[in-house]
Amino acid sequence: MSDVAPEGTDPDELPETDDSETEKAAQQTPPGLPLRVEDVEKRFGGVTALDGATFSVEEGSITGLIGPNGAGKSTMFDCITGVHTPDAGSIRFHGEELIGKEPYQIAQDGLVRTFQIARELEEMTVLENLMLAPKGQIGESAWRSVAPVARRGVVKQEEQIREDVWETLEFFEIDHLAGEYAGNLSGGQRKLLEMARALMTDPEMVLLDEPLAGVNPTLEEKLLDRVHDLREQGYTFLFVEHDMEVIMENCEHIIVMHQGKVLAEGDADEISENEQVIEAYLGEDLGE
Ligand SMILES: Nc1ncnc2c1ncn2[C@@H]1O[C@H](COP(=O)(O)OP(=O)(O)OP(=O)(O)O)[C@@H](O)[C@H]1O
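Going by the UniProt record's numbering, the sequence shown opens with residue 1, and the numbers climb by one from there.
Dropping the structure here:
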């Protein structure tokens, strides 16, 4: 048990705690591992979608979550973001239990996922989509929002939101599309907008659910560049993507799920050489 204080903290100013309390807190919030998923189970009737999955995500990483069809990746995302409630286990973000929280509360905590642009939002401009995002990015419908999602309870004023919106539009190079209806965007432009909407909530960690599906190679490169830029700024990404080459090239850590469990973890080389992983994919190309 280390008695090193967290970075930026004067050890003399720390409140006194007994050793067992300190130890418990350290177990709950391992430094540098903001997201900890432990023994998570989820059943749908007779189907076991998650069967005791355990993993952590390192701060400031781009972590890939992969696995063959039906492995449980989407169910895991839904459990982490409060869409589903697991039957057992624990999901902690900075030591705080997420199970039992509503999706908007989890987003308020700084953990968001990208959502497909819903039909209502297709009838709005790109600019309007982003103006709404700080309040709307809590689930499938912007209208269901009951609480502003500006982090740590700070409600952003419209002026500030507008400034952030333009900055975000420029960052994703979609400022020229500000007046365009979201419904008129190409597949790749929509993905950029989806990610821009997620960022407008001022998150710390972003869950990307197949962000490259239907995206042409030019925009794919732009999207991945933005992910790397944001990681440089300190954001953390958990990334589900079927394109194995993209995962192998862009994720420094890869978690492989199979039949609701974590089958293997490691870097691209370790994963692509792992016999169990190769067997689980039955010879699918692992991006080598
Ligand atoms: N709402 C649901 N009702 C019943 N079964 C479900 C439900 N959601 C998922 N499942 C089942 O749970 C298992 C895991 O599904 P899940 O969609 O999480 O896997 P996945 O890894 O995301 O798969 P894919 O890569 O094909 O999207 C599958 O057997 C699936 O049929």
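Even glycine gets a Cβ: it sits at the ideal position worked out from N, Cα and C.
- Beta-bridge annotation (DSSP): Val57 is paired with Leu35.
- Bounds of any beta strand (DSSP E) do not take in Met200, whose DSSP letter is neither H nor E.
- Under the three-state reduction of DSSP, Met131 is assigned to helix.
- Beta-bridge partners of Asp269 (DSSP): none assigned.
- Counting along the chain, the unbroken alpha helix (DSSP H) around His228 starts and ends at 217–232.
- Within the same chain, and ignoring the five residues on either side of Glu194 in sequence, the residues whose Cβ sits closer than 7 Å to its Cβ are Thr114, Phe115, Gln116, Ile117.
- Within a 10 Å sphere around the beta-carbon of Pro217 sit fewer than 16 other beta-carbons, which makes this residue exposed.
- Residue environment for Phe44: exposed (fewer than 16 other C-beta atoms within 10 angstroms of its C-beta).
- Contact between the stretch 219–235 and the stretch 55–73 is established, with three or more Cβ pairs separated by less than 8 Å.
- If you check the CB distance, Leu35 and Glu41 do not come in under 8 Å.
- Excluding sequence positions up to five before and after His253, its CB lies within less than 6 Å of the CB of Ser61, Thr63, all in the same chain and listed in chain order.
- Between the alpha carbons of Asn250 and Leu224 lies a distance of about 8 Å.
- With distances taken between CA atoms, Gly95 lies nearest to Asp109 out of Asp109, Ala280, Tyr104.
- For Phe172, no beta strand (DSSP E) segment is defined, and its DSSP state is neither H nor E.
- Under the DSSP assignment, Met257 falls in the beta strand (DSSP E) whose first and last residues are 253–258.
- Distance from the C-beta of Val47 to the nearest heavy atom of ligand 1 is below 7 Å.
- Leu207 sits away from Gly188, with the two beta carbons spaced by 8 Å or more.
- Non-local C-beta neighbours of Ala268 in its own chain, meaning closer than 6 Å and more than five positions away in sequence, comprise Met248, ordered along the chain.
- With a cut-off of 8 Å on Cβ pairs, the stretch 101–108 is in contact with the stretch 80–87, counting three or more such pairs.
- Judged by DSSP secondary structure, Ala88 falls outside any alpha helix (DSSP H) and instead within the beta strand (DSSP E) spanning 88–93.
- Sequence-distant Cβ neighbours of Gly179 in its own chain, meaning closer than 6 Å and more than five residues away, are Thr125.
- With a cutoff of 8 Å on beta-carbon distance, Asp39 and Gly89 are scored as near each other.
- Nearest C-alpha to Glu158 among Gly260, Glu128, Tyr235: Glu128.
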